[in-house]
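One structure is given below, encoded as structure tokens.
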Amino acid sequence: MRLTSRLLAGALAVIGVNIVVMTLIVNVQLSGRLRDQAVDALTRDARMVASHWADGADAYNVARQDGSSLGHRVTIIRPDGVVIGDSDFDREGMAQMDNHATRPEIVAARTSGVGVSTRTSPSRGDDELYVAVSAAAGTVRVSLPVYELTQRVQSAKQAVVIAGVIALLVALVLAAALARRIVRPVVELSEVARGIAAGDLARRAAIDAPGELGELSLSLGDLSSQLATRAAARDAHETLLVQLIESLNEGVIGVDDRRQVVRANDTARRLTSVAAPLPFSADLLPRNAVLRGALESAFSGTLTEGVETQIDTYTMSVSARPLAGGGAVLALLDLTRLRRLEAVRRDFVANVSHELRTPLTVIGGFAETLTHDDLPEADRRQFVNRIVLNTARMQRLVDDLLDLSRIESGGWVPTPTATDIVELAADAFAEVHDAAAAKGLALVTEVDADAQHVTADPTALGQVLRNLVENAVRHTPAGSVTVFATREPSGAIAVGVRDTGVGIEPEHLPRVFERFYRVDPARSRQEGGTGLGLAIVKHLVEAHGGNVRAESEPGRGTTFTVRFPNGV
Ligand code: ADP
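If you read the sequence shown in our numbering, its first letter stands for residue 732, the second for the next number, and so on.
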């Protein structure tokens, strides 16, 4: 039941009980008092009649006259009980009346002066209140029908009930108004409380009432500000946590006890290729035995630490630990780059060993042969030449390796200055002059006037051009090798070497900048190549913030272009 109805019902119950109690009181009190008053009045009347009769008047007439003047029945009885006057009966009627000597009121009047009795009248047949007084010549009795008294009580009761009903209606209106005044703030407070529960923490009750409701309203306000403060603190904490998790290099995946993924940072999403929005079922995680096994172990309370596995293209170390609440947290450490670098290093060591072994074997063999005393002079000279040649080859390899490692380790930094490309091209051409002349190659310089100077480290750019020109001459049987330089609209300078040689097949083109990568290893070695030339070019150019590109048409020629971001 609603509060207003309950308050109204309460008020109605109180008033209703009041009316019932008042009616009962009226009934009891008024009946008693009315009877007493009636007895007093009847006693007075009886005495008056007695005084009239005492003057020697005729009892019959006295009874008739006083009866009609009083409006009550008046009966006059002789001491022997015979009725000698009665206002309600004539002489004939009286003759038929019983002897009244034993009537209780008459008996009482005779003994104590006044007698009162309420009973059914044998002569009239209704309930009567009799009052008898003793007189000089007998007894005078005056009576009143009881229903007259009852009627008066009844009408008083009716008045009380009417007053009660009016009071009830007035009270109802007042109670309704009062209830609304009490209930309105209660309803408002309950709405505010519901709002707070739903998260509307800025909501306040517009109640300025004194007393308990006002205090309740203030407490509710305090409660929501405290909740807001706590919510803000919790949000800040949550944000910090998310930022922390997001900033981790490790992939972190939080799974709750219902196997729902409730957290996954960007690294984890990248490593597992899961893009579903949170929360999502752990079933969506990759079907990798190590990952699933670690997760299951964590769910059964067992820790898994650093088990390596491959998921798609990623190599990762998977750890899983159980959470206190029954869930699990997976940590994925991306080892892809590390393992790739390790593989590169392994290959590199193998490559270097391989490159050094051949000349070393040759040198060792010839040196041993030279120890024989009976070796003809011509052979001895040839063997020494082979030893010198292979030593030079090893020397080049070691020099290139040292250059590469110096650049890669960051021990070398370019010192960019305005560098003349035409000069560097001439130097590079001078070094290959003999080899080019032997093949009849034309060495051409095509440097635009506005591209002659570039901001670069002169030694580095010199080495770049030398390596590219050497390669070009080596792989060009006939035609020309051209050093060119142009200025791009952005201001960047493009320097390159173009040849009309054998070219590079498309499948080899993207790999020629890798260390020790050769299209034809045997030929390269034979021609004195180390397989490191283009790797050195790439590193030198990138150290300048530039880039290098290779384009080739097999059988027609190759162009290597180096872009330096800054001209002069
Ligand atoms: P190398 O010492 O073998 O020349 P590089 O790193 O300089 O090593 O070059 C790698 C490979 O790229 C070479 O072995 C060769 O096969 C290819 N290459 C380089 N320059 C050219 C070119 N101008 N024309 C054809 N092939 C080339």
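All residues carry an ideal CB built from backbone N, CA and C; glycine is no exception.
Owing to the predicted nature of the structure, the values given are computational and were not obtained by experimental measurement.
Environment of residue i [buried if 16+ CB atoms lie within 10 Å]
{"i": "K1269", "result": "buried"}
{"i": "I893", "result": "exposed"}
{"i": "E1108", "result": "exposed"}
{"i": "H1275", "result": "buried"}
{"i": "T1102", "result": "exposed"}
{"i": "Y878", "result": "exposed"}
{"i": "L1199", "result": "buried"}
{"i": "I1138", "result": "buried"}
{"i": "P741", "result": "In the sequence as presented, Pro is not what sits at residue 741; that position holds Gly. Label assigned to G741: exposed."}
{"i": "E1273", "result": "exposed"}
{"i": "A1180", "result": "exposed"}
{"i": "V1144", "result": "exposed"}
{"i": "D1158", "result": "exposed"}
{"i": "N830", "result": "exposed"}
{"i": "A1167", "result": "buried"}
{"i": "H803", "result": "buried"}
{"i": "D931", "result": "exposed"}
{"i": "N686", "result": "Outside the shown range of the chain (732 to 1299) lies residue 686, about which nothing can therefore be said."}
{"i": "S950", "result": "exposed"}
{"i": "G1171", "result": "exposed"}
{"i": "D817", "result": "buried"}
{"i": "P941", "result": "exposed"}
Residue span of the beta strand (DSSP E) that contains residue i, given as start and end
{"i": "D1230", "result": "I1224 to D1230"}
{"i": "G846", "result": "V845 to T851"}
{"i": "R1242", "result": "Unbroken run through R1242: none, as it is neither H nor E."}
{"i": "Q991", "result": "Q991 to A995"}
{"i": "I984", "result": "G982 to V986"}
Residue i, enclosing alpha helix (DSSP H) - first and last residue
{"i": "E1036", "result": "Careful: E1036 lies outside any alpha helix (DSSP H), inside the beta strand (DSSP E) at T1035 to I1042."}
{"i": "F1334", "result": "One cannot answer for residue 1334 here, as it falls past the ends of the chain, which runs 732 to 1299."}
{"i": "S818", "result": "Counting along the chain, S818 falls outside any alpha helix (DSSP H), and DSSP gives it neither H nor E."}
{"i": "I756", "result": "L734 to I756"}
{"i": "A1216", "result": "That residue, A1216, is in no alpha helix (DSSP H); its beta strand (DSSP E) goes S1211 to R1218."}
{"i": "T1190", "result": "P1189 to R1205"}
{"i": "T1148", "result": "Where T1148 is concerned, there is no enclosing alpha helix (DSSP H), although the beta strand (DSSP E) it sits in stretches over T1148 to D1151."}
{"i": "Q760", "result": "Note, Q760: premise wrong, no alpha helix (DSSP H); not H, not E."}
{"i": "S800", "result": "A790 to L801"}
Simplified DSSP assignment, three categories, for residue i
{"i": "N925", "result": "Here the sequence assigns Arg to residue 925, which means Asn is not the residue at that position. If DSSP states are grouped into helix, strand and coil, R925 belongs with the helices."}
{"i": "Q1183", "result": "coil"}
{"i": "D1014", "result": "helix"}
{"i": "G869", "result": "strand"}
{"i": "N1082", "result": "helix"}
{"i": "G1288", "result": "strand"}
{"i": "N830", "result": "coil"}
{"i": "S1048", "result": "strand"}
{"i": "N1019", "result": "coil"}
{"i": "V864", "result": "strand"}
{"i": "Y1248", "result": "coil"}
{"i": "R1254", "result": "helix"}
{"i": "A1055", "result": "coil"}
{"i": "T970", "result": "helix"}
{"i": "A1006", "result": "coil"}
{"i": "H1103", "result": "coil"}
{"i": "W1143", "result": "coil"}
{"i": "S1221", "result": "coil"}
{"i": "A1169", "result": "helix"}
{"i": "I938", "result": "coil"}
{"i": "T1261", "result": "coil"}
{"i": "G1032", "result": "coil"}
{"i": "A894", "result": "helix"}
{"i": "I913", "result": "helix"}
{"i": "S854", "result": "coil"}
Bridge partners - residue i, DSSP secondary structure assignment
{"i": "P876", "result": "E859"}
{"i": "I808", "result": "V814 and T870"}
{"i": "L1063", "result": "G982 and V1049"}
{"i": "E1073", "result": "Its beta-bridge partners do not exist; DSSP assigns none."}
{"i": "S1283", "result": "T1289"}
{"i": "V1175", "result": "T1213"}
{"i": "N1278", "result": "R1294"}
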